[in-house]
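K.L.:
Going down the list, the sequences are from chains Z and E.
With the first letter of the first sequence counted as 1, position 253 gets the number 276 in this note's numbering; the numbers rise by one all the way through.
With the first letter of the second sequence counted as 1, position 76 gets the number 77 in this note's numbering; the numbers rise by one all the way through.
We treat Cβ as the ideally placed atom computed from N, Cα and C, and that holds for glycine.
Encoded as structure tokens, here's the structure I'll be asking about.
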Amino acid sequence: MFRRIFSKKNRVLLSELVRTDFKLRYQGSVLGYAWSLLQPLFFFLILYVVFTLLKVNKGIPHYSVYLLVGMVLWSFFREMTSGSITSIVGRGDLIRKIRIPRWIIILSSSFSAAISLVFNLVIILIFLAANHVGLSINDLWFFLIILEVYIFSLGIALYLSAAFVKYRDVSYIWDVIIQGGFYLTPIIYPLSKITNLTLQKFIMLNPISQSIQDARYAVVWRGTQTTSDTFAGGPYKFIPFGVVVVVFAAGLSYFRKQSKTFAEDL
Amino acid sequence: MASRDSTDTPTKDTGQTAIRVEGVSKLFKLPHEKSGSIKSKVINFRKRGYELQQALNDVSFEVKKGEFFGVVGRNGSGKSTLLKLLAGIYTPTKGHVQINGSLTPFIELGVGFNQELTGRENIFLNGSLLGFDRKEMQAMYQDIVEFAELERFMDQKLKNYSSGMLVRLAFSIAIRAQGDILLLDEVLAVGDAAFRQKCNDYFANLKRDKQTIILVSHSMAAIERYCDRALLLEAGQVVRVGSSAEIASLYEDMILKEEGEKANKAIKAQSQESAAKKSDINALVRITQGGKRVKSVKALKDFQVEIKIKSRKDIPEAYAGLSIRNSEGQIVLALDTIDYIGETLLEKNKERKIVVSPDNVFTNGVYYVTLAVGNAGDLSEDDDDRQLFKQRNIASFTIFGIRKYGNSLIHPHCEVRQG
Chain Z
24 MFRRIFSKKN RVLLSELVRT DFKLRYQGSV LGYAWSLLQP LFFFLILYVV FTLLKVNKGI
84 PHYSVYLLVG MVLWSFFREM TSGSITSIVG RGDLIRKIRI PRWIIILSSS FSAAISLVFN
144 LVIILIFLAA NHVGLSINDL WFFLIILEVY IFSLGIALYL SAAFVKYRDV SYIWDVIIQG
204 GFYLTPIIYP LSKITNLTLQ KFIMLNPISQ SIQDARYAVV WRGTQTTSDT FAGGPYKFIP
264 FGVVVVVFAA GLSYFRKQSK TFAEDL
Chain E
2 MASRDSTDTP TKDTGQTAIR VEGVSKLFKL PHEKSGSIKS KVINFRKRGY ELQQALNDVS
62 FEVKKGEFFG VVGRNGSGKS TLLKLLAGIY TPTKGHVQIN GSLTPFIELG VGFNQELTGR
122 ENIFLNGSLL GFDRKEMQAM YQDIVEFAEL ERFMDQKLKN YSSGMLVRLA FSIAIRAQGD
182 ILLLDEVLAV GDAAFRQKCN DYFANLKRDK QTIILVSHSM AAIERYCDRA LLLEAGQVVR
242 VGSSAEIASL YEDMILKEEG EKANKAIKAQ SQESAAKKSD INALVRITQG GKRVKSVKAL
302 KDFQVEIKIK SRKDIPEAYA GLSIRNSEGQ IVLALDTIDY IGETLLEKNK ERKIVVSPDN
362 VFTNGVYYVT LAVGNAGDLS EDDDDRQLFK QRNIASFTIF GIRKYGNSLI HPHCEVRQG
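Laid out in structure tokens, this is it:
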């Protein structure tokens, strides 16, 4: 099964699609690939300045890296989901005329998001060094956390892209959710600012919140409040992982069902 | 139950069958209006917002390994749908498609090209759709560029290519495809004469190498030239599977009869118009075979042109002039009844019937009959004065079942000798 999915044919196609995406993204710009680093860096600087002035950072050591880790994971999530919505429709001519596995298209746009993530991780490394935060074996957790975000986002991307073929409303709805989600996730503010404990618990059930807090805990600061802390180590702390599994399975099965008629529905 | 089997490796044990299609139907749901938003879904949610269209209905056929198989039919007959079902792009609503061996994924040229990339980059991108990695593409890159005759343009963006260059590039990549079964949709008529020759050579090679190929085309010349057998589709149903020559002539006859229908309709509309004009003579022309009215006549078979004339007054020395034109308006046959039966007496309000039986020397096509009735007793110099009635295209008929060689007639008793 796995060997069939990653047969030579599919691997070749996947790498060529990713390559094309990447080539086209910065085409016609003077700085080209440099924007992959510069753009997130500028966004980060803006937020950093604003929230340092607002003194949100009180009580958090290495606030800049702390903020950066949250932003990087969030923008990975955003790019994977928002970027995939139109990917099936955008590759309509391929789908209507060539027999290629449909999921390759989603996978290729997820890989494009992963490439951006790699650039962002470089920025994180630089800021870790600048803040004199040492690396430790615990940092490896970060990669598992990224994998979790990847699987969660992929499930959502599969669902959204398939639904978008039939209902173009999906992209507008998702835009709103992404906007709201940014503020419902402890990215720019520390979780302790949420004084309503029920709301705090609710927020931490979200796999993205859980990932961001866990990543901060592993890489930046041991004082970060994780999901486990929020539920005092109870069984509820596993809910975010359950959400990831359910979302991925549901997205995949919906995509598989819908993909049979993509060629006709487009 | 709709299903589709495909093995990616050629299997020997299934014998000689490359493609087996069994009772395949395809239904499309065509939305009445663009109901692509949730709002319209909510509003119309009781109404059925779509129309069902049966693109294919119970289609069955088999293609043997090494066969060059043609699919023929008019626009909208379901050819492309069939090809997409074979390619696995659509899934059948009912029935079963079985493919033994690997399929090339292309059914149309230039799919997957990106206008913003250069020719070189597009070659690699397109190659990946065929399953070739960069190394393999690098090895054939030079051949592809040479075949397409585009050496000087490889570093230009595709959006600056002419349509001919695009097709040449696409074709040159597509023929690199290595599969057990090739699906080709209307690709023969590309490029200039020299490039077409290359394409023809390629197809001749495929045929010689006993590749399994499905070719969809409107060109009966191509079908007859390359295909061993062919399938004729009409309104989603198989009319016939047979030798390519048989299917090609069947298809041409179908097109001809349809043209004949159109001609008949046009004539009906026209004669209603002219009926409004008052004339002393009323005339009617019918094409018959053994007294029965027909619309089309098989080549070489006898037929009659039946003329009925009625006059409001006595004309003792009447005659009829008959001419038959082909669809280009050239007269291929003209006669005056006076030369055969002398003058005809037309009595007041009494119908007179004249039957003309010409040799059937006509080739495939639609023919138009013009009738004139004159009075030979009128001694005036001017032809027009002697003419009492004339109607161009008073009737039409279609000849089918023989190949057309230009606009010439058949010569049933023509001897050709060498010496």
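Just to confirm my understanding: we take residue 118 of chain Z, look at its own chain, exclude 5 residues before and 5 after, and list those with CB closer than 8 Å. What are they?
P.N.:
So the list reads 111, 125, 128, 285, 286 and 289, once near-sequence residues are dropped.
K.L.:
Could you work out which residues of chain E lie near residue 39 of chain Z, taking near to mean beta carbons separated by less than 7 Å?
P.N.:
Per Cβ cutoff of 7 Å: 125, 126 and 129.
K.L.:
What residues of chain Z sit near residue 88 of chain E, judged by a beta carbon separation below 7 Å?
P.N.:
Here the neighbours are 122.
K.L.:
Does DSSP classify residue 191 of chain Z as helix, strand or coil?
P.N.:
Residue 191 of chain Z falls in the coil class under three-state DSSP.
K.L.:
Taking only beta-carbon positions, decide if residue 79 of chain Z is within less than 8 Å of chain E.
P.N.:
False, the Cβ-Cβ gap to chain E never drops below 8 Å.
K.L.:
If I follow the unbroken alpha helix (DSSP H) through residue 398 of chain E, where does it start and stop?
P.N.:
Taken as a continuous stretch (DSSP letters only), residue 398 of chain E belongs to no alpha helix (DSSP H), being part of the beta strand (DSSP E) at 388 to 401.
K.L.:
Short of 8 Å Cβ to Cβ, which residues in the segment 91 to 123 of chain E face chain Z?
P.N.:
Answer set for the segment 91 to 123 of chain E: 91, 92, 104, 106, 107, 108, 109, 112, 113, 115, 117, 118 and 122.
K.L.:
Between residue 420 of chain E and chain Z, is any beta-carbon pair separated by less than 8 Å?
P.N.:
No, because no Cβ of chain Z sits closer than 8 Å to the Cβ of residue 420 of chain E.
K.L.:
Does the Cβ-Cβ distance between residue 259 of chain Z and residue 249 of chain Z come in under 8 Å?
P.N.:
For residue 259 of chain Z and residue 249 of chain Z, no; Cβs fall outside 8 Å.
K.L.:
Against residue 286 of chain Z, what residues of chain E qualify as contacts under a CB-to-CB distance less than 8 Å, listed in chain order?
P.N.:
Ordered by position in chain E, the residues that pass the 8 Å Cβ test against residue 286 of chain Z are 85, 90 and 91.
K.L.:
What's the gap between the Cα of residue 107 of chain Z and the Cα of residue 222 of chain E?
P.N.:
Between residue 107 of chain Z and residue 222 of chain E, the C-alpha separation is close to 46 Å.
K.L.:
Measure the C-alpha to C-alpha separation of residue 379 of chain E and residue 387 of chain E and round it to an integer number of angstroms.
P.N.:
Whole-angstrom Cα-Cα distance: 6 Å.
K.L.:
Closer than 7 Å by C-beta to residue 210 of chain Z: which residues in its own chain qualify, once you throw out the five before and the five after it? Chain order, please.
P.N.:
Closer than 7 Å at Cβ, skipping near neighbours: 93, 94, 97 and 235.
K.L.:
Using a C-beta cutoff of 8 Å, does residue 133 of chain E count as contacting chain Z?
P.N.:
So, interface residue.
K.L.:
Can you confirm whether residue 280 of chain Z, when its beta carbon is compared against all beta carbons of chain A, has any partner nearer than 8 Å?
P.N.:
Absent from the structure is chain A; the protein chains it does hold are Z and E.
K.L.:
So if DSSP puts residue 368 of chain E in a beta bridge, which residue, or which two residues, is it bridged to?
P.N.:
The partner list for residue 368 of chain E (beta bridge, DSSP) reads E:327 and E:398.
K.L.:
Under a Cβ-count criterion, where at least 16 other Cβ atoms within 10 Å of its own Cβ denotes burial, should residue 195 of chain E be classed as buried or exposed?
P.N.:
It is exposed - the Cβ of residue 195 of chain E has fewer than 16 other Cβ atoms within 10 Å.
K.L.:
My parser needs the alpha helix (DSSP H) runs of 4 or more residues fully inside the segment 130 to 163 of chain E; what are they?
P.N.:
For the segment 130 to 163 of chain E, whole alpha helix (DSSP H) runs of length 4 or above, ordered along the chain, are 135 to 149.
K.L.:
With 16 as the cutoff for other CB atoms within 10 Å, does residue 218 of chain E come out buried or exposed?
P.N.:
Flag for residue 218 of chain E reads buried.
K.L.:
Applying a beta-carbon distance threshold of less than 9 Å, which residues of chain Z neighbour residue 431 of chain E?
P.N.:
Here chain E comprises residues numbered 2 to 420, so residue 431 of chain E is not present and cannot be evaluated.
K.L.:
Could you give the residue range of the alpha helix (DSSP H) that holds residue 205 of chain E?
P.N.:
Run containing residue 205 of chain E: 194 to 209, per the alpha helix (DSSP H) assignment.
K.L.:
Which chain E residues sit within Cβ distance under 8 Å of residue 109 of chain Z?
P.N.:
None at all; the shortest Cβ gap to chain E is about 13 Å.
K.L.:
Using 8 Å as the threshold, is the segment 387 to 402 of chain E in touch with the segment 364 to 376 of chain E, meaning 3 or more CB pairs across them?
P.N.:
They touch, by the three-pair rule.
K.L.:
Quick one: give me the first and last residue of the beta strand (DSSP E) that residue 287 of chain E is part of.
P.N.:
Unbroken beta strand (DSSP E) run through residue 287 of chain E: 282 to 290.
K.L.:
Grouping DSSP H, G and I as helix and E and B as strand, with all else coil, what is residue 221 of chain Z?
P.N.:
If DSSP states are grouped into helix, strand and coil, residue 221 of chain Z belongs with the helices.
K.L.:
Under the three-state reduction of DSSP, which class applies to residue 230 of chain Z: helix, strand or coil?
P.N.:
In the structure shown, residue 230 of chain Z sits in a helix (DSSP, three-state: H, G or I).
K.L.:
Rounded to the nearest angstrom, what separates residue 219 of chain Z and residue 167 of chain Z at their Cα positions?
P.N.:
Taking the straight line joining both Cα atoms gives about 30 Å.
K.L.:
How is the alpha helix (DSSP H) around residue 248 of chain Z delimited, first residue to last?
P.N.:
Premise fails: residue 248 of chain Z is in no alpha helix (DSSP H) and is neither H nor E.
K.L.:
What separation, rounded to the nearest whole angstrom, lies between the Cα atoms of residue 267 of chain E and residue 393 of chain E?
P.N.:
C-alpha separation (whole angstroms): 12 Å.
K.L.:
Any idea what DSSP makes of residue 376 of chain E, helix, strand or coil?
P.N.:
Strand.
K.L.:
Taking the alpha carbon of residue 71 of chain E as the reference point, which residue from E:184, E:369, E:304 and E:272 has its own alpha carbon closest?
P.N.:
Residue E:184 is the option with its Cα nearest to residue 71 of chain E.
K.L.:
Near residue 291 of chain Z, what residues of its chain come up, given a Cβ to Cβ distance below 8 Å and the 5 sequence neighbours on each side ignored?
P.N.:
Because chain Z is modelled from 24 through 289, residue 291 of chain Z falls outside the range shown and cannot be assessed.
K.L.:
What three-state label does DSSP hand residue 182 of chain E in the structure shown?
P.N.:
Correct three-state label for residue 182 of chain E: strand.
K.L.:
Taking DSSP as the reference, what is the three-state secondary structure of residue 91 of chain E?
P.N.:
DSSP places residue 91 of chain E in coil when its eight states are reduced to three.
K.L.:
Does residue 119 of chain E come out as helix, strand or coil in the three-state DSSP assignment?
P.N.:
Here residue 119 of chain E sits in strand by DSSP.
K.L.:
With a 10 Å radius around its C-beta and 16 neighbouring C-beta atoms as the bar for buried, classify residue 132 of chain E as buried or exposed.
P.N.:
By the neighbour-count rule (16 or more Cβ atoms within 10 Å), residue 132 of chain E is buried.
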